[in-house]
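Shown next, in structure tokens, is the structure this report addresses.
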Amino acid sequence: MKGVIKMRWVRLKDALPGVVLTEDLKDEQEGVVIFKKGKKLSNADIALLKSKWNVSWLPVETLDEIEEGNYNAVDATLSSAIELKRSIYIEKMRELPDYEVPTTISVEIIKKALDTVERIVEEIDERGAFNPQSVKRIVSEVVNEIQEKESSNIQPILLKLRDYSDYTYTHSINVAMLSLYLGINLDLNRENLISLATGAMLHDVGKCKIPKEILFSERKLTPKEFAIIKKHPIFGYEIARESSLNDRNAEEMILDHHERLDGSGYPRGKKGDEISFFTSIVSIADEYDAITTMRAYSNARNPYIAVSAIIEDAGLGKLNPDVANVLVKSMGIYPRGTVMYLSDGSKVVAIQQNPGMLVRPIVRVLESEKFEKGERLDLSKIDLIIESVIKKNETQ
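If you use my numbering, the sequence shown corresponds to residues 11 to 406, in order.
Take a look at the structure:
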């Protein structure tokens, strides 16, 4: 029986052979393409996904006539699509193997943080200010959980399930998490970590005042439009003051996160010691996540590119070199998600760092004549080296 083809999200555990992917299927944590759009999955394909990859949901074709009884599926066209997407993300994180994703904070706290940022945006849209207590509550919970780990040897879990509409939310959380991660490795105390996370979570709040047609434009902005974009730190500072945030450090981070040590930044062209150390941390976290994130006008780029750009900017005197060094030492030269070729021609993706061995991460095989697809390799234990990095987020 014929009908209109639509997309549904189907749990991997419920998928049957013959389903056709409506989008490229990516490993959620590593961000690499496993199967291309249009691929019809076989029994062997489904078994491979279950055994080797971090996948729990599939975007598949279905017909209007097909009822939910055939699959445990959720219609992606429902008005609750955003909540569905978040639920999928949370479920995927719950199912990740512990040895590949050292837990930074619980997925429940991440969801609460997302809810908080969305509520802040709604409050600003409605009355031009937000409730600062909601920010302080979630930031305190996040810091409590991280400090309970009693270890700085943890990797930040950065949100990957994003599109243009939820970039504001996920970017805010990612910058806060990465800033905290850097702050812990820089031995900041609890009070400073809370202030750092507050400013990081709110750093882009001024974008609420930027017209959506400019903020989400897929074309190159005109000089006039870019000048409007560059006002968002000022707008954010004004919103924070109007909201009685009463945290001078956080307010400075909001206002100055696009300033650069050499005076080339905006909105006020500050330089050197005029820029706080906290702001230097947020600036690096902001740049890292912006480079590795898909946006309306820019494809996501390899984490290696982000680290390289930060090292270059630190060398040019734009970013704080001490913070940049901590980023490199803790995340590695080849961060999780970096796709590269080994000396035997195998294509692999970095999934975990080896402490003290920055150039020999743990990787997962994407293509190889010698190793099985999906196999996990520790480059510190085998006689292979990284030959080259694939600089785009294309893996097949």
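Glycine included, every Cβ here is placed at the ideal spot set by N, Cα and C. None of these values were measured; they are calculated from a predicted model.
Distance CB(residue i)-CB(residue j) smaller than 7 Å
i    : j    : result
V359 : R370 : no
S274 : N330 : no
I249 : E235 : no
Y276 : L265 : no
L206 : S189 : yes
V145 : I204 : no
I301 : V333 : no
F287 : N259 : no
Proximal residues to residue i (C-beta, below 7 Å), its chain only, five neighbours per side dropped
i    : result
T32  : M17, K47, P69, V70 and E71
H5   : Past the edges of the chain, shown from 11 to 406, lies residue 5, and the structure says nothing about it.
L394 : L352, S353 and D354
S254 : P142
Paired residues, beta bridge with residue i - DSSP
i    : result
I400 : V349
A360 : V373
W63  : Bridge partners of W63: none, in fact.
L387 : V373
V333 : In DSSP, V333 forms no bridge with anything.
P69  : W19
L35  : F45
Where the beta strand (DSSP E) containing residue i begins and where it ends
i    : result
I372 : M367 to E377
Residue i versus residue j - alpha carbon distance
i    : j    : result
I164 : K217 : With a pLDDT of 49 at I164, under the threshold of 50, the modelled position of that residue is not reliable, and the figure given next carries that caveat. One C-alpha to the other measures close to 31 Å.
K36  : G347 : 11 Å
I148 : A123 : 6 Å
I244 : K219 : 10 Å
Y109 : Q362 : Any reading at Y109 needs caution, since the residue's pLDDT is 32, under 50, leaving its predicted position unreliable; the model's value is listed next. Distance between the alpha carbons of Y109 and Q362 is about 9 Å.
K280 : E379 : 53 Å
N335 : P27  : 48 Å
G384 : E377 : 9 Å
N2   : N53  : In the structure as shown, the chain starts at 11 and stops at 406, and residue 2 therefore has no counterpart that could be examined.
A316 : I183 : 18 Å
I392 : I372 : 11 Å
V338 : L212 : 25 Å
G342 : L368 : 5 Å
H267 : K23  : 44 Å
L387 : Y179 : 34 Å
Residues near residue i in its chain [Cβ-Cβ closer than 6 Å; skip 5 each side]
i    : result
S398 : Y351
A91  : Any reading at A91 must be qualified, since the residue scores a pLDDT of 40, below 50, and its modelled position is unreliable; no value is offered.
I396 : M350
I56  : A25
A186 : A207, A210 and M211
R200 : none
Beta-carbon contacts of residue i that lie in its chain and below 8 Å, excluding the five residues immediately before and after
i    : result
V30  : G48, K49, K50, L51, V70 and E71
L271 : K281, G282, I285, S290, G327, K328, L329 and N330
First through last residue of the alpha helix (DSSP H) which encompasses residue i
i    : result
D299 : F287 to I301
V43  : That residue, V43, is in no alpha helix (DSSP H); its beta strand (DSSP E) goes V43 to F45.
F325 : Here residue 325 is Gly; the residue named in the question, Phe, does not match the sequence. Where G325 is concerned, the enclosing alpha helix (DSSP H) stretches over P313 to G325.
E118 : V117 to R137
F226 : Counting along the chain, F226 falls outside any alpha helix (DSSP H), and DSSP gives it neither H nor E.
E245 : Residue identity differs from the one stated: residue 245 is Phe in this sequence, not Glu. Counting along the chain, the alpha helix (DSSP H) containing F245 begins and ends at H242 to E252.
R200 : R200 to M211
Any chain D beta carbon closer than 7 Å to residue i
i    : result
I396 : Absence of chain D from the displayed structure is noted, only one protein chain being present.
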